[in-house]
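Shown next as structure tokens:
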């Protein structure tokens, strides 16, 4: 293989990995807020891969005073 071909393949591989690292995940979840008790069901998009979506969603909800109860489903977007 020529050096240009190797560089092209390497660049393509890196760009594909970078795209996967910035993938968004659509998450269906249940959450709550105490005092007074409020229950929430929602579907949202989290700017993290699905493997890290629950942690990212938990911190987003905590900023709004909500507690994550359960993640019902996750789907790569």
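In our numbering, the protein residues as written are -12 to 64. Ideal Cβ placement from N, Cα and C applies to all residues, glycine included. Bear in mind the structure is a predicted one, so any value in this text is a computation, not a measurement.
**Asked** DSSP state of residue 45, grouped into three classes?
**Response** Within the chain shown, residue 45 is the residue found at index 58, counting from 1. Three-state result, residue 45: helix.
**Asked** DSSP on residue 10, reduced to helix/strand/coil?
**Response** The sequence position of residue 10 within the chain shown is 23, counting from 1. Here residue 10 carries a coil assignment [DSSP, helix/strand/coil].
**Request:** Please work out which residues of its chain come closer than 7 Å, Cβ to Cβ, to residue 43, disregarding the five sequence neighbours upstream and downstream, and give them in chain order.
**Result:** Here the question's residue 43 lines up with position 56 in the chain shown. Hits under 7 Å: 33, 35.
**Asked** In this structure, does DSSP put residue 35 in helix, strand or coil?
**Response** The sequence position of residue 35 within the chain shown is 48, counting from 1. If DSSP states are grouped into helix, strand and coil, residue 35 belongs with coil.
**Item:** Close-in-space but distant-in-sequence residues of the same chain around residue 15 (CB under 6 Å, 5 per side omitted)
**Value:** In the chain shown, residue 15 corresponds to position 28, counting from 1. Within the same chain, Cβ atoms closer than 6 Å to the Cβ of residue 15 are found at 30, 59, 60, the five residues on either side in sequence being excluded.
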